[in-house]
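Engineer:
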Amino acid sequence: MSTNTNMLNTYNDMANKSVDQMNALGELNLKIAEKMVARQMDMMNMFVEQSVRMMKLATEAKGYNEYYKGQVEMTKDIADKMMSESKANMHMAGEIRDEYRGWFDGAMSEMKNNSATIRNAVTA
């Protein structure tokens, strides 16, 4: 096999591997976007539920003291939920970082392999 054919095959393999890496990155981005949208929808649902509770409290409270106590309780409840959500989001951000790091490390390893393959094809 000639050196030119060898080089052409090597570049073809590299192009295919690059396309595979880009597809893997696209899939990773899509998976992460789906997770983020799901988290945002959960937060929106939580706020809608809180609004419904507030309206129900406003219409059913028997006086200002009961209304005020209900507001304080709801504020504490939403603050606790927001803290839990913040912790969950930080955990998810760590997972996302690890997933991107894994993809990046794989891509760098592939580049090293490609460099070695090119050197071998040139010297062959």
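The numbering of the sequence shown is the working numbering, which starts it at 5 and goes up by one. C-beta: ideal position from N, C-alpha, C; glycine also.
In whole angstroms, give me the CA-to-CA distance for T63 and A83.
Structural biologist: Computed Cα separation, rounded: 23 angstroms.
Engineer: Does the Cβ-Cβ distance between L34 and Y104 come in under 8 angstroms?
Structural biologist: Taking 8 angstroms as the Cβ cut-off, L34 and Y104 do not qualify as a contacting pair.
Engineer: Return yes when the Cβ of E89 is within less than 8 angstroms of the Cβ of M45, no when it is not.
Structural biologist: Contact: no.
Engineer: Following the continuous alpha helix (DSSP H) through G67, name the residue where it begins and the one where it ends.
Structural biologist: Looking at the DSSP string, G67 is not in any alpha helix (DSSP H), and its letter there is neither H nor E.
Engineer: Unbroken beta strand (DSSP E) runs of length 3 or more, entirely within the region 47-119: which are they?
Structural biologist: Entirely contained in the region 47-119, not one beta strand (DSSP E) run reaches 3 residues.
Engineer: Should Q11 and N118 be called a contact, given that it needs their Cβ atoms to be closer than 8 angstroms?
Structural biologist: Per the sequence presented here, residue 11 reads as Met, with Gln not at that position. No, they are not a contact pair.
Engineer: Let me check understanding here. Comparing Cα to Cα, which of A42, T14 and S22 lies closest to G110?
Structural biologist: Nearest C-alpha to G110: S22.
Engineer: Rounded to whole angstroms, what's the CA-CA distance from L29 to K66? Just pull it up for me.
Structural biologist: When rounded, the distance between both Cα atoms is 57 angstroms.
Engineer: Judging by CA-CA distance, which residue of K80, L61 and T79 is the nearest neighbour of Y71?
Structural biologist: With distances taken between Cα atoms, Y71 lies closest to L61.
Engineer: Measure the Cβ-Cβ separation of I122 and T14 and say whether it is below 8 angstroms.
Structural biologist: Taking 8 angstroms as the Cβ cut-off, I122 and T14 qualify as a contacting pair.
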